[in-house]
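Protein chains in written order, with our numbering: chain A, 792 to 1109; chain B, 172 to 461; chain C, 25 to 272; chain D, -13 to 378.
Down below is the structure, laid out as structure tokens.
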Amino acid sequence: MLDILRRIVLWGGLALLCLLPMLAEALGEGFYITMMNRVLILALAAMSLNLILGYGGMVSFGHAAYLGIGAYTVGILAYHSDAWFGTESAFIALPAAMLVAAILALAIGAISLRTSGVYFIMITLAFAQMVYFFFVSQQEYGGMDGMQMWSRSDAGPIDLSDNASFYYVVLGLLLVLLYAKYRLVRSRFGLVLRGIRENERRMKALGFPTYRYKLVAFVISGAVAGLAGAMMANLSEFVSPSLLHWTRSGEMMVMVILGGMGTIAGPILGALAFLVLEDVLSEITQHWMIVLGPLLILIVLVARRGLYGLLDPKGEPK
Amino acid sequence: MTLLLFVEQVLNGLQLGVMLFLMAAGMTLVFGIMGLINLAHGSLYMIGAYVAATVQQATGSFLVGLLVALPVAALVGMAVEMIALRRLYPRDHLDQVLATFGLILFFNELVKIVWGPQAYFMAMPDMLSGSVDIIPGIPYPAYRLAIVATGLAVAILLYLLITRTRIGMLIRAGATNREMVNALGVNVDRLYTIVFGLGAALAALAGIMAGPILALEVGMGESILILTFVVVVIGGIGSVRGAFVAALLVGIADTFGRVLLPPAIAEMTIYILMAAILVWRPQGLFPAHA
Amino acid sequence: MTPILSISGLAKRFGGVTATDSLSLDILPGEIHAIIGPNGAGKTTLIGQLSGEIAPDAGTIRFKDADITRLPVHRRALRGLARSFQITSVLRGFTACENVMLAVQAHAGHSFRFWQPAATQAALRDPALAMLARVGLAGRADVPAADLAHGEQRQLEIAMALAGRPDLLLLDEPMAGMGPEESARMTGLLAGLKASHSILLVEHDMDAVFRLADRITVLVYGRAIATGTPDAIRADAAVRQAYLGGEA
Amino acid sequence: MKRASLLAAAAFFASSIMASAQAAEPLKIGFISTLSGPGAALGIDLVDGFKLGIEHSGGTLGGRAVELITGDDQLKPDVGRQLAERMIQRDKVDLIAGVVFSNVMMAVAKPIFDSKTFMLSLNAGPSDLAGKRCSPYFFNVAWQNDQSHEAMGKHVKDKGYKRVYLMAPNYPAGKDALTGFKRYYSGGEIIGEVYTAINQPDYAAELAQLRAAKPDAVYIFYPGGMGVNFIKQYAQAGLKTEVPLFGPSFSFDETILPATGDAALGVMNTGFWSPDLPNPQNAKFVKAFTAKYSRPPSPFAAQAYDGALLLDSAISAVGGKVSDQDRFRAALRAAKFDSVRGPFAFNNNHFPIQNFYLREVIKDDTGRMTNRLVGTVFARHMDAYHDQCKMK
């Protein structure tokens, strides 16, 4: 029964997502395409965090670093578009953003994954702070103020400067990656990852070099977050260290929890709910944080399994 | 760098170090005993400073401000512990991070509503407003020396509390073996509340001591919070001794980093230090749990 | 006969406490070798050192003629040294079958396979089902491990240990917390493994130990005070002394 | 998913229907400001000053009722950009005002200019928008970032200081500040130029270095809380009596002074405005602001107030028809309003040509910290970037 309901909601939601630009245009509310662009991009970021947080049990408190470096990769390549290595082509910039983010995740993960528990939380935070201060001090790229991009990346036949096209690109990326993640968590690799979350010691005793598996998951997650960052840079046509601020990492965690940790659709729900909440609350009162704060505590205390969990009260995390 | 300047910078490093120790001691105890990662520890620092400043402005006395703010912050801490945080002890770190992240948002906004968005003023106690020549020719603010002295005194008191008293025995036992405390027939809930209150009071003390030097503003807790985390993690979670050593280490490293290194690298000094130490010793310098 | 596992001069101290004190011990192929001793004798520390979770201060561990003293946990497991845990540690969110499938998977080459669903792969599922049948859990394959009875979870532990076709099993109190009936079933199960595996058995249930073991080593304060056949141990004066002293 | 999307849909469409149901009579102004977090004090002063300006224009701007749609950018450029897009696309605002911080300004600039919406910056004046990327849709009613620093560079030079020590946070505004200072300082030596981490709370280490360098003047740019921290610690280290301290008005304004205590007393600083500037509009503003909000106005409140007066004058000049963009632009450009700062005109880049004053921090009769006018450093000063702007 609940399973049917969940299916209806999932497919209905998907249909709605696909039709949204037309609906919004029909109602003359083009702004909601922009808003949903942001939601979907942050959903992508939250999804990447969910892979290591929800499926791998790695509480990374520095995920903003990958989001930020992905954005900066696109920004810096565009900034140098006259130089031999510069480019405004999305077909180069987006993979480059993923690659750079993956390399950063490899370096940070290789060190951080030697620790666990609170130490892991704090060392990932420390690395993210290092990346934050690194970009704050890059005067050429605007330092604290960030840098403006002249236009969105050039995606050949697809005109990214059109919000609706941009929306479909982001939606397409998100759906493809969601499906990839759906396959991944059910694959041999995913089984190992989930096993590590359940009981790493047991997995080692079974003969799994858990460190390597965690590191690979960490790198995949970083790369996808880098892609989200690249899209974020394109959406705002602006890159700045505020994308790397530690509170961003916190917000991404909130989205994952809010939507439902270790679920496929959870991060989308989480990102949507968080941004709508932020938007609605901040329009009601200047002191909206005083509502949001306790709300977060309440969610943690009461709705432990997130919004997706409400649809599926007893189901196993999938 | 001349020798005199060097001595002065060491003092500056010590002063930053003892401030961090006051913050880190409470946090590491809460980490070690209750297993709680509390992002809102910085909020208690902020509340301590604001309350003390308000009382000081009303009464004209720094000391009265201090004496009122400490118990107020302890009570706020204990109330938060009983209402919300207690339920988080059995939860994983992720839940704790999120809930206490929510607490930060709440307290920041609360302070903004009560005291306004502008920076708030806290005066220096008159007695300590001058300078002292630590070495002839090097005047050093008396108040900063007082901070160092207070910090060291608190460190000694904490040491005595933990090693010589019954509650200290329970704290030590709690940090290494939670079941044992249960087995001793102690009211664990009350012990936890008391420890949390103690941690809150220490954080508030740091905030009050910092008040006359700094602007009191919303968000002041977060800038010291992350440094405090670094200290706790370097020292080894749950170890007060580790927190002390790490606090001084971070204080000195940060001070000299700022003076000697270009700004871009100086800002990263302590994070690099932390990463290096964790690579070398993944459990920090003095791990409390064997 | 060359021993399959050979421990010599093993030592481990925690602060002031000596947990393992220059211990030397051989496990022969095909034998069940039991380790007994009062609480705090260092049995768990020994298992920890053999499985690789605890680094010894001194001494060597040789397994199948190779020095494994410094090998990490997973490498030892892949070489054929499997273990069960004192506190049941099956993966509670997985079904019984998935638990065993993971154990099979660990020995089936690397798991950097990101696309094909694992749950339906016959290469994993068939051996897992066979292993479950072997430990008496044939009908319980798709039950979540968390929903299994305590005794069943312990059987599942054994299945997971066996799935990698190990040469030596380290069993850390497999009967802990079991009722008499469950114990009897487990004893039967272990007796059936005797032909095909070497087993190092740490156990408090003396009835089971004396029924199953070929040889017994008695550990007190980290030292082996006696090693011998069950009959010899039963008759050993030092052992009686240690046990009466320890338990009284 | 159901609950979330229902909630979202409800929030989305309910508010939009409401928005479109309202007729277009009142003038809609999107007001982007920083209202939460550490930067909020400035943002709130902008809002309060602007509201007072509307009040003093008879509750309307140029005869049109005003609907003020405020948004909190949280000091995050991407949030600012989303606010701007929402205001343009959903709320269909007639113009956008506000913006405290340069980074937010840079992020909102493009969507606003692309949509041909007028933007009136009440504070942020990044050099890019004053120079190469100046826009016919952009007006700044405050100042260009460098100007106060240039004024102090001139003053310090005029006073004949030979060994000057400079400090600022390590971010673009900090670099711009010291560049601005150096642009007009000459005749001596810059013996130190130190950049500290942004939002650094404690400066003891840097002050020890500073003392050892034995400068005869110190120029700092530390806005907000950083300024409070630095000024208090400078005085506590006993340096204030040894080496005179100079700064721009942002380090010594009325949002900061209540928190510095006596540490700031007597410090000379430069800015485009002073609360005691002798003109009737200013007297009216200061009196009304203090009465209404029970705090003395800051320069931020003053420039926002001017912003409202400017809009009032331009909107009435076009008879309320702001949609006639060329006429409206010309009316803005004319700047026919009584500014609280005295002479005011727009340059070719739509940045103000205005005086810069030397001010001194004092205590007023009630014991409150404020500033006193000392003299004029620059008369009708233009920013350094207007040449790069192609607009005539």
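Backbone N, C-alpha and C fix where the C-beta goes; we use that ideal spot for every residue, glycine too.
Keep in mind it's a predicted model, so treat the numbers as computed, not measured.
Counting only the Cα atoms, A:Arg977 lies some 5 angstroms from C:Pro141.
Contact annotation: the stretch 1005 to 1012 of chain A touches the stretch 900 to 907 of chain A, with at least three C-beta pairs closer than 8 angstroms. Taking the C-beta atoms as reference points, B:Gly219 is found nearer than 7 angstroms to B:Ile379.
Contacts between B:Glu438 and chain A, judged by CB atoms closer than 8 angstroms, involve Phe924, Val927, Ser928 in chain order. In the displayed model, A:Arg905 falls within coil according to three-state DSSP, outside both helix and strand.
Taking the CA atoms as reference points, D:Gln133 sits about 34 angstroms from B:Ala381. Residue pairing by DSSP places D:Gln340 opposite D:Phe330, D:His367 in a beta bridge. As the crow flies, the alpha-carbon of B:Asp263 is around 55 angstroms from that of D:Phe337. Between B:Ala435 and chain A, the shortest Cβ-Cβ separation is below 7 angstroms. For the pair A:Leu833 and A:Ile860, the CB atoms are not nearer than the 7 angstroms cut-off. Residue-level contact by beta carbon holds for D:Asn89 and chain A, with a gap shorter than 7 angstroms.
Secondary structure of B:His212 (DSSP, three-state): helix. Per DSSP, A:Tyr823 is not a residue of any beta strand (DSSP E); the alpha helix (DSSP H) it occupies stretches across 822 to 841. A contact between stretches requires three or more CB pairs, one per stretch, nearer than 8 angstroms, and the stretch 43 to 52 of chain D meets this requirement with the stretch 287 to 304 of chain D.
If you ignore the 5 residues before and after A:Leu916, its C-beta comes within less than 8 angstroms of the C-beta of Phe852, Gly853, Trp1037, Ser1040, all in its own chain and listed in chain order. At a beta-carbon threshold of 8 angstroms, none of the residues of chain A lie near D:Ser134; the nearest stands roughly 18 angstroms away.
DSSP places A:Tyr932 in no beta strand (DSSP E); its state is neither H nor E.
In the DSSP assignment, D:Tyr170 falls within the unbroken alpha helix (DSSP H) covering 158 to 170.
Here the stretch 243 to 263 of chain C makes no contact with the stretch 82 to 93 of chain C; the two share fewer than three CB pairs at distances below 8 angstroms. In this structure, D:Met105 lies near D:Phe124, with their beta-carbon atoms less than 7 angstroms apart.
Residues of chain A with a Cβ closer than 7 angstroms to the Cβ of B:Pro453 are, in chain order, Arg905, Thr906, Tyr910. Taking C-beta atoms as the reference points, A:Phe1029 and A:Met1046 fail to come closer than 7 angstroms. The C-beta of B:Val285 has fewer than 16 other C-beta atoms within 10 Å across all chains shown, which makes the residue exposed.
With respect to A:Tyr973, A:Ile1055 sits close: the two C-beta atoms are nearer than 7 angstroms. Judged by their CB atoms, B:Gly184 and B:Gly422 are nearer to each other than the 7 angstroms cut-off.
The three-state reading of DSSP puts B:Tyr291 in strand, counting E and B together. At least 7 angstroms separates the CB of D:Gly233 from every CB of chain B.
For D:Phe124, the pairing in a beta bridge is given by DSSP as D:Met105. According to the DSSP secondary-structure assignment, D:Asn357 is paired through a beta bridge with D:Val347. Taking a cut-off of 8 angstroms on C-beta distances, the stretch 249 to 263 of chain D does not touch the stretch 77 to 84 of chain D, as fewer than three cross pairs fall below it. Cβ-Cβ separation between B:Ala270 and A:Leu997: approximately 34 angstroms, too far for a contact (criterion under 8 angstroms). For A:Tyr863, the enclosing alpha helix (DSSP H) has its first and last residue at 855 to 870. Ranked by Cα distance from A:Val1015, the first of A:Met849, A:Ser956, A:Leu885 is A:Leu885. Listed along chain B, the residues sitting closer than 8 angstroms to A:His1078 by beta-carbon distance are Glu280, Lys283, Ile284. Buried is the label assigned to B:Val201, since at least 16 other Cβ atoms lie within 10 Å of its Cβ.
Using a CB distance cut-off of 7 angstroms, A:Ala1014 does not count as an interface residue toward chain C.
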